[in-house]
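In the working numbering, the protein residues as written are 696 to 1140. Heads up, the beta-carbon is just placed ideally off N, CA and C, and yes, glycines get one too.
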Amino acid sequence: MGVLFLLGVIILLLGIGVSIALHELGHLTPAKLFGVKVTQYMVGFGPTIWSRRRGETEYGLKAIPLGGYIRMIGMFPPRPGEEAGFIRASSTGRFSQLADQMREDAYEHISPRDADRVFYKLPTWKKVVIMFGGPFMNLVIALLLLILIASGIGLPVQQTANIAAVQSCSATATGEAAADCDEAGRTAAAAAGVKPGDRIVSIDGTKITSTTDFTDIVRSHPRKQIPLVVERDGRHVTLQVTPKLQRMPKQDSSGTQVVNWKGEVEYENVGVIGASIGGTYQDERQSLPAALGTFGDALQKTSSVFLKIPQKMVGVWNAAFSGGTRDQYSPQSVVGVGRTAGDVTESKYATTQDKIVVLLMILASLNMALFVFNLVPLLPLDGGHIAGALWEAVKRRIARLRGKTGPVYVDVAKALPLAYGVSIVLLVMFALLAYADIVNPVKLG
């Protein structure tokens, strides 16, 4: 573990700290604009290492920079029979909420002048804006970082797809290439006359500049003859290639192996030609619309990854306790992400610009993940409070239709048993990821 490794970890932790601070600022700003009394704005958990009071709010830093919260008065409505001047205190921080609720006598006295500055009395749309403000800040951070990378620095764009190597014989049943074979055992590439160094111009009438495009077409044409145009010695040569059928791991649109709910890799029959494909790349700055498209694709992939978390965790368990191979696209804890950041900055093969881009991409991905994760409609996440506010709006509408008068509130604190369960699941998941990141970390490709 060298100085550069530690530098990468420190940069990542600072980036996470700033992201957390801005997330909580996303809650704080609309809360103050809407007149809610905010008594604390804290970055981190654990013992307070620095704080300063400005006006009615205490701003501070805590020892563990892996979370944060703001504390608003009157987060929950009073229980029936509670004194009107005593409202349960709470905060936007997940673990802080649980700690507050464990203290049955944790009440916060509200003076008469603050009676209308409580969170629970706000209109639905204001509650949603406050709770959505935190995740929204993470989304903005991710967007700005990706625009900086794509439009400011540039992303590597493949210019050509080349044949790097050609296997003479098809793979055996064990998946290994045979040393000798007859004509029937030759690979599709060898049989068609493909040679190393050929630049791929087109296949099946489709112009090719991307390895992925070429591979997709080959995989979708098992046992079907298709024309392959290559550039060789300055001239175009047309070859007829018939991909052989082979059973291989199934891949999704991003090239990630698909696994079932048991964590087992799924297979499918695809076409192969027995050639390795390489290419030349060049950094290109994208236009703003293209950068926004890149951001949209990344957000969609992040959302789809969250839907696969249960089956991904099975793979993490197998990697941690059964010695299984850790998927390159496996979810990681802060331990694993920090290790990745350190490996990147310590790499001898990456340029300074490459290292900067990767670190920025890591931070953008983390913020995108925080955005999606916090919107899950379960307490104690922000999405749980948003769901509670929307349900309150529905109940108010129903009450009006029935001719009922008076305020209608939804006490989301009644869902605390569910919140406890969700928090326990999250803690177990984070602990498993951290352990796997130590004993069987994700390897950089």
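Neighbourhood of residue i by C-beta distance below 6 Å, restricted to the same chain and skipping five residues each side
| i | result |
| --- | --- |
| Gly712 | Pro760 |
| Met943 | Val965 |
| Leu940 | Pro917, Arg918 and Asn964 |
Own chain, CB closer than 7 Å to residue i, minus 5 neighbours either side, in chain order
| i | result |
| --- | --- |
| Leu717 | Met832 and Ile836 |
| Arg798 | Note that Arg798 scores 35 on pLDDT, short of 50, meaning its location in the model is unreliable and no value can be drawn from it. |
| Ala1088 | Thr819 |
| Leu934 | Ala887, Gly888, Val889, Leu923 and Val925 |
| Leu723 | Val733, Tyr736 and Ile765 |
Residue of the options minimising C-alpha distance to residue i
| i | options | result |
| --- | --- | --- |
| Val720 | Val967, Ile842 and Tyr754 | Per the sequence shown, residue 720 should be read as Leu rather than Val. Among Val967, Ile842 and Tyr754, the Cα nearest to that of Leu720 is on Tyr754. |
| Met770 | Arg748, Leu756 and Ile825 | Ile825 |
| Gly1019 | Leu934, Thr1047, Asn1135 and Arg918 | Asn1135 |
| Ile848 | Glu979, Thr1046 and Val704 | Glu979 |
| Val932 | Arg812, Pro917, Tyr736 and Ala887 | Ala887 |
| Val1000 | Asp1106, Gly739, Gln1027 and Val1117 | Gln1027 |
| Leu1061 | Tyr1024, Gly1079, Val1029 and Lys1003 | Val1029 |
| Ala1129 | Ala1015, Pro1102, Val1117 and Pro1075 | Ala1015 |
| Gly1116 | Arg1092, Leu1074, Val1103 and Pro1102 | Leu1074 |
| Gly1079 | Val1137, Pro891 and Lys822 | Lys822 |
Residue range of the alpha helix (DSSP H) that includes residue i
| i | result |
| --- | --- |
| Arg1034 | Val1029 to Glu1041 |
| Lys757 | Note, Lys757: premise wrong, no alpha helix (DSSP H); beta strand (DSSP E) at Thr752 to Met767. |
| Tyr831 | A small fix is needed here, since residue 831 is Phe in this sequence, not Tyr. Where Phe831 is concerned, the enclosing alpha helix (DSSP H) stretches over Thr819 to Ile842. |
| Thr1046 | Note, Thr1046: premise wrong, no alpha helix (DSSP H); not H, not E. |
| Asn1135 | Element bounds for Asn1135: n/a, residue is neither H nor E. |
| Thr989 | Leu983 to Leu1002 |
| Val713 | Val698 to Leu728 |
Cβ pair residue i, residue j closer than 8 Å
| i | j | result |
| --- | --- | --- |
| Thr1037 | Leu701 | The amino acid occupying residue 1037 in the given sequence is Gly; Thr does not appear at that position. Cβ atoms of Gly1037 and Leu701: closer than 8 Å. |
| Leu707 | Leu1054 | yes |
| Gly697 | Glu961 | no |
| Met767 | Phe729 | no |
| Asp1077 | Pro772 | no |
| Arg762 | Ile715 | Strictly speaking, residue 762 in this sequence is Gly, with Arg absent from that position. Going by C-beta atoms, Gly762 is nearer than 8 Å to Ile715. |
| Ala985 | Leu841 | no |
| Ala885 | Val861 | yes |
| Ala845 | Gln981 | yes |
| Ala726 | Gly739 | no |
| Val1039 | Ser1025 | no |
| Thr937 | Gln920 | yes |
Endpoints, the beta strand (DSSP E) within which residue i is located
| i | result |
| --- | --- |
| Ile903 | Element bounds for Ile903: n/a, residue is neither H nor E. |
| Asp652 | Residue numbering for the chain in the displayed model covers 696 to 1140; residue 652 lies beyond these limits and cannot be assessed. |
Contact test: residue i Cβ vs the ligand GDP heavy atom, cutoff 7 Å
| i | result |
| --- | --- |
| Leu1085 | As for the ligand GDP, it is missing from this structure, which has no ligand bound. |
Same chain, Cβ closer than 8 Å to residue i, neighbours up to 5 away in sequence not counted
| i | result |
| --- | --- |
| Ile972 | Ala856, Asn857, Ile858, Ala859, Ile895, Thr906, Phe909 and Thr910 |
| Ile1119 | none |
Does the pairing of the stretch 850-858 with the stretch 1072-1090 give three or more beta-carbon distances under 8 Å?
-> no
Indicate whether the contact test is met: 3 or more Cβ pairs, each with one atom in the stretch 910-927 and one in the stretch 959-967, closer than 8 Å.
-> yes
Decide if the stretch 920-928 is in contact with the stretch 894-901; the criterion is three or more beta carbon pairs, one per stretch, under 8 Å apart.
-> yes
For the stretch 983-1002 and the stretch 1095-1114, state whether three or more C-beta atom pairs, one from each stretch, are separated by less than 8 Å.
-> no
Three CB pairs or more closer than 8 Å across the stretch 1060-1069 and the stretch 812-831 = yes
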